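Q:
There are 2 protein chains.
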Amino acid sequence: MPQANAPEARPDLAQVRVQIDGIDQQIQDLIRQRAHWAQQVGKAKGKLAAAVDYYRPEREAQVLRRVVDRNDGPLNDEVLVRLFREIMSACLAQQEPLKIGFLGPEGTHSQQAVYKHFGHSIHGLPLASIEEVFQEVEAGHADFGVVPVENSTQGTIQSTLDMFLTSKLKICGEVELRVHQHLLSRAGRLEDIERVYAHPQSFAQCKAWLRQYLPKAEKIPVSSNADGAKRARNADDAAAIAGISAATVYGLKSLAGPIEDRPDNTTRFLVLGRELFPPSGNDRTSLLVFIKDQPGALYHVLAPFAKHGLSMNRIESRPGHTGLWQYAFFIDITGHAQEDAMRRALDEVDEFAQEVKVLGSYPVAIA
Amino acid sequence: MPQANAPEARPDLAQVRVQIDGIDQQIQDLIRQRAHWAQQVGKAKGKLAAAVDYYRPEREAQVLRRVVDRNDGPLNDEVLVRLFREIMSACLAQQEPLKIGFLGPEGTHSQQAVYKHFGHSIHGLPLASIEEVFQEVEAGHADFGVVPVENSTQGTIQSTLDMFLTSKLKICGEVELRVHQHLLSRAGRLEDIERVYAHPQSFAQCKAWLRQYLPKAEKIPVSSNADGAKRARNADDAAAIAGISAATVYGLKSLAGPIEDRPDNTTRFLVLGRELFPPSGNDRTSLLVFIKDQPGALYHVLAPFAKHGLSMNRIESRPGHTGLWQYAFFIDITGHAQEDAMRRALDEVDEFAQEVKVLGSYPVAIA
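For the protein sequence lines, the chains are D and R, in the order given. Under my numbering, think of the first position of the first sequence as 6, with each following residue one higher. Under my numbering, think of the first position of the second sequence as 6, with each following residue one higher.
#1: I'd like to know whether the C-beta atoms of R/Glu265 and R/His185 end up nearer to each other than 8 Å.
#2: Within its chain, find whatever has a CB closer than 7 Å to the CB of R/Ile36; leave out the 5 residues flanking it on each side and keep chain order.
#3: CA-CA distance, D/Gly150 and R/Ala192?
#4: For D/Ala66 and R/Ile198, what's the separation of their Cα atoms in angstroms?
#5: In angstroms, rounded to a whole number, what distance separates the CA positions of D/Gly129 and D/Arg70?
#6: Return the chain-ordered list of same chain residues with a C-beta closer than 8 Å to the C-beta of R/Glu143, the five sequence neighbours on each side being excluded.
#7: Compare the C-alpha of D/Leu293 against each of D/Val154, D/Val363 and D/Asp232 and name the closest.
#8: Can you confirm whether the region 304 to 311 of chain D touches the region 349 to 366 of chain D when touching is taken to mean that 3 or more C-beta pairs between the two stretches lie within less than 8 Å?
#9: Measuring alpha carbon to alpha carbon, tell me which residue in R/Tyr255, R/Ser228 and R/Lys221 is nearest R/Ala237.
#10: Answer with buried or exposed for D/Arg39, where buried requires no fewer than 16 other C-beta atoms within 10 angstroms of its C-beta.
#11: Quick one: does R/Pro131 have its CB under 8 Å from some CB of chain D?
#12: Starting from R/Phe282, trace the alpha helix (DSSP H) in both directions and tell me its first and last residue.
#13: Does the Cβ of R/Gly233 have 16 or more other Cβ atoms within 10 Å, making it buried, or fewer, making it exposed?
#14: Is D/Pro79 close to chain R? Criterion is C-beta to C-beta, closer than 8 Å.
#15: For the alpha helix (DSSP H) holding D/Leu303, just list the boundary residues, first then last.
#16: Hey, is R/Phe295's beta-carbon within less than 8 Å of any beta-carbon in chain D?
#17: Flag D/Trp214 as yes if its beta-carbon sits less than 8 Å from any beta-carbon of chain R, otherwise no.
#18: Just to confirm, are R/Leu189 and R/Ala251 a CB contact at a threshold of 8 Å?
#19: Can you name the residues of chain D whose CB is closer than 7 Å to the CB of R/Val21?
#20: Can you check whether the CB of R/Asn230 is closer than 8 Å to the CB of R/Ala245?
#21: D/Ala247 bridges to which residues according to DSSP?
#22: In terms of residue numbering, what span does the alpha helix (DSSP H) encompassing R/Val23 cover?
#23: Look at the Cβ atom of D/Asn76, then the Cβ atom of D/Leu85, and state whether they are nearer than 8 Å.
#24: Does DSSP classify R/Thr327 as helix, strand or coil?
#25: Does DSSP put R/Ser259 in a helix, a strand or coil?
#26: Name the chain D residues that come within less than 9 Å of R/Ala56, Cβ to Cβ?
#27: What are the residues in the region 298 to 313 of chain D lying within 7 Å of chain R by C-beta distance?
#28: Exposed or buried, which one is D/Asn318 when buried takes at least 16 other CB atoms within 10 Å?
#29: Check each candidate in D/Gln299, D/Leu108 and D/His204 and name the one with the smallest Cα separation from D/Arg135.
#30: Going by DSSP in three states, D/Pro205 sits in which element: helix, strand or coil?
#31: Anything in chain R within Cβ reach of D/Gly256, meaning under 8 Å, just list it in chain order.
#32: Could you tell me whether the Cβ atoms of R/Phe208 and R/Lys224 are closer together than 8 Å?
#33: Thinking C-beta only, is D/Arg90 closer than 8 Å to D/Glu179?
#34: Please determine whether the Cβ atom of R/Leu351 lies at a distance below 7 Å from any heavy atom of the ligand ATP.
#35: Using beta carbons (cut-off 8 Å, strictly below), is R/Ile249 in contact with chain D?
#36: In the DSSP output, what is R/Leu275 paired with across the bridge?
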């Protein structure tokens, strides 16, 4: 029954539903139109192409940035970007969906990263190792691959970086996945907790929360969060800080979560492909630079980027393999390798480095 | 460059992108409006309610059925239903998202079923056992739970049904998840395969495919597909039929998949909640009927449904517990317990049964 029109009156449910039904009909009609236009993009020689033939990461990044720019609520950017990724994914997959290799088994963070980046209208291939992800993309069995490269508790995943020393694959995207911390315990209530186990890094991540909610609890550092969860399993007054999946593994319950102070606690993944894509307007370039062991070599390699106004986001050195090279550096720079400033900087770096490989230029991760 | 307007000419890419950009802008504006209206539904006493307070499965089912009815391509029903589930999920989660318990760890089919039914804008709680899923929903730590109840290779999951013998929870939804079969092998090519291992049921599911692509291969029945995958690991001329996740576990590759003949190879899940919801227009009712061991008892219990034109989709008997009851039957009937025909039938059944429990009336699974 409609209520009197008082300012706090609850709106008439039936009326609201009629409005929503009308909106849904329009959304559906627009999605239909969008799918038709996407077919037009995918039509080569009058035949509908496989998704890999017309997938353009730089174009997708531009579309999503526009979504974020236009957004003035009530939904947040992350949710809207997810909805548009799914719409694009569905439109792209009309003929033959993208095949994406990832570090399996199903349910890993890598699989989450695949869906976050490519949407759900893809064919996922869970693989047994990072090496196999590279191989399957190289062999063409997968169109793209997704591998973890950095995470906030373990740092850089060296085995991923090392694959680039020999692989010809290109980086054509990055994905950032938030990692959430929970307070896990077999106890039922927060008030019962007198000790908390966690890796020092996890304590640091949840400092403000612990100060507010467990100011008197003893904080006991352990070598890994899994180790902390194991210990918490044996006591009624103990808890551990860990990801929610540890709750299932160790038979604990989440008393609170997410409890990390900063929402930017993330794992970073790289998207591997066989070719480089054009600039999207906000890109990052990953370089592998081999240099000779001589005084000032690194300085000479880095100077050109500073000179051309390009900022370095990350540098990671790798020990030398005898004979081939003495040092290798993985360097991330803001910008795209096809842009003028980067081109000029790369030319100059070339003079001082033994070899410079552009591993990829790709859109900076969105939401 | 725009081409001449020949019938087979590829449309101008820039033009198409302008069209798509305009469509995206409209879709985004409509999603914004939808989210605003959803807030209106969720506003109780001028304050935005938690999702669980205004989640209505029967309404969602109606919205999705309308999406399917309206659909005339090019996207298929399943993809469109997924997009609309995500849009509804995002709109619902604006204040506090639904908390959904499921049989963990993350990455299981149960988690896939959760996302399929509730979209991704929820808070998932991976739990260690089916029993725990029931407990967490009963205790109110989870708003809903999702548990498997039947799958096409193993049949009914008795432990799930048995929970209803003592639990007060209600079934308020069902989810059907397709399960795909792959041909897994360590060999690189289909031509090398001379033997295929699989559970007899899996052979039956892939009969047409095997006849077409591996007519000469020897078919060797094994006790489980996992066992077949293990055997295939040891030979270059052998393959196994199994789900894709077995590829990672046993270090095999998929030579082909999905290879099942019928696309309706599914696992069925139940959604558990604490209350019953009104009819959606196309519902199923699950009953638990305890009957005395006397001649014709089952016949008398089933007759009223037939009489009132209600079809039975499924019946499953459970052995008796001494003293309490002699036989229990789980029965699924088309229709909703609040509808007249079902009401009358239930009244009549009551006369012959020792006890009749309505476990739930819920929308039939969509796409």
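Ideal placement from N, C-alpha and C gives every residue a C-beta, glycine not left out. Small disclaimer: the values here were computed from a predicted structure and weren't measured.
A: Considering the structure as presented:
#1: yes
#2: Ile92
#3: 22 Å
#4: 43 Å
#5: 25 Å
#6: Ser172, Lys173, Leu174 and Arg279
#7: D/Val363
#8: yes
#9: R/Tyr255
#10: buried
#11: yes
#12: R/Phe282 -> no alpha helix (DSSP H), and no H or E assigned at all.
#13: buried
#14: yes
#15: Ala302 to Lys312
#16: no
#17: no
#18: yes
#19: Trp42, Gln45 and Val46
#20: yes
#21: D/His187
#22: Leu18 to Gly47
#23: yes
#24: Legend: pLDDT at R/Thr327 = 49, less than 50; position of this residue unreliable, value from coordinates given subsequently. Correct three-state label for R/Thr327: coil.
#25: strand
#26: Within chain D, no residue comes near R/Ala56; the closest Cβ sits about 13 Å away, beyond 9 Å.
#27: none
#28: exposed
#29: This sequence places Ile at residue 135 of chain D; Arg is not what is there. With distances taken between Cα atoms, D/Ile135 lies closest to D/Leu108.
#30: helix
#31: Ala133
#32: yes
#33: no
#34: As for the ligand ATP, it is missing from this structure, which has no ligand bound.
#35: yes
#36: R/Val152 and R/Glu179
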